[in-house]
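In this note's numbering, the protein residues as written are 1093 to 1438.
Structure record follows, encoded as structure tokens.
Structure (structure tokens):
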């Protein structure tokens, strides 16, 4: 029969341990373990939208900002052969993001966040459902008849798929009527998609709008755009004199950095409530010169260009001596927003 082991009733002093010391040692261990595992798990893939040198610098800066917060960012172009190097991430918890544009193909298992290719009609419906202040609007259909008492004597007619203000014009409300797409010239945007009408927002003698870029709802750029082309609109309904411009982004526009807090708040709130999973939105907003009401004209849910490096943006910054990057530290802000969203998902 084996003898029982006789354990000493007490250990020598050099081997003794204060129980409170052990408690202090392990008290924060679960939190530290969770934090360590989380930092290892957080992987983000960002799709770089083009090969522009400035774009790549921007994305490297975004990746560096995220890296300082414990998030590993992999940059990749949307080319199949380049995506082979993503294979090591296949079994890791990863979120992929195309900050602008691409929606056609996922890179890895898990969430893929990108823009949405939708018409203005669907865009306005989503914004309205989310409570964003979109001016009253309707799709032009056969039999559409508008009441000037409800809409005002003039409305704005525009295509549901437009670009740079093409085919956007004021129309007498009583004369608005549906035209079939086949009856419009092939160069008219209305020949490719339905037309819509929108209640006119009077922003002053000269058209004024704000372009606000948001990253998951965080404002990273806010500029004010004013045009002085054509005839000034001295009164709200003074269109009968002709030659009046209603679009602010023209060749004769003036661009200034303007961190308007009310404008930025509307853009931020609209992004978070209407399109929370679209990484970057570029809002166009206006303020009624008489009522002070702020309206969202559109937010470009599928804007393929990087707003800090495309040709038009670079030309505007050079001409007016402004820096889109430096107004709020755009890349740092985008990096923080990417990290916040990744942590929400992962």
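Beta carbons are placed, not taken as given, at the ideal position from N, Cα and C, and that holds for glycine.
Note that this is a predicted model, so its numbers are computed, not measured.
Taking just the CA atoms, how far does residue j sit from residue i?
i            : j            : result
residue 1180 : residue 1148 : 23 Å
residue 1165 : residue 1226 : 36 Å
residue 1326 : residue 1354 : 25 Å
residue 1388 : residue 1411 : 27 Å
residue 1351 : residue 1378 : 14 Å
residue 1432 : residue 1384 : 33 Å
residue 1171 : residue 1143 : 12 Å
residue 1250 : residue 1436 : 38 Å
residue 1167 : residue 1426 : 14 Å
residue 1204 : residue 1265 : 44 Å
residue 1328 : residue 1242 : 15 Å
residue 1263 : residue 1408 : 31 Å
Starting from residue i and walking both ways along the alpha helix (DSSP H), at which residues does that stretch end?
i            : result
residue 1218 : 1212–1221
Are the beta-carbon atoms belonging to residue i and residue j less than 7 Å from one another?
i            : j            : result
residue 1314 : residue 1287 : no
residue 1311 : residue 1360 : yes
residue 1380 : residue 1289 : no
residue 1252 : residue 1285 : yes
residue 1363 : residue 1306 : yes
residue 1210 : residue 1399 : no
residue 1338 : residue 1396 : no
residue 1158 : residue 1430 : yes
residue 1141 : residue 1202 : no
residue 1321 : residue 1344 : yes
Drop a sphere of 10 angstroms on the beta-carbon of residue i, count the other beta-carbons inside from all chains shown, and report buried for 16 or more, exposed for fewer.
i            : result
residue 1373 : buried
residue 1208 : exposed
residue 1434 : buried
residue 1186 : buried
residue 1135 : buried
residue 1174 : exposed
residue 1215 : buried
Locate the beta strand (DSSP E) running through residue i, then write down its first and last residues.
i            : result
residue 1245 : Counting along the chain, residue 1245 falls outside any beta strand (DSSP E), and DSSP gives it neither H nor E.
residue 1375 : 1372–1379
residue 1396 : First-last for residue 1396: undefined, no H or E at that position.
Is the CB of residue i under 7 Å away from at least one CB in chain B?
i            : result
residue 1332 : Although the question refers to chain B, the structure presented lacks it and comprises just one protein chain.
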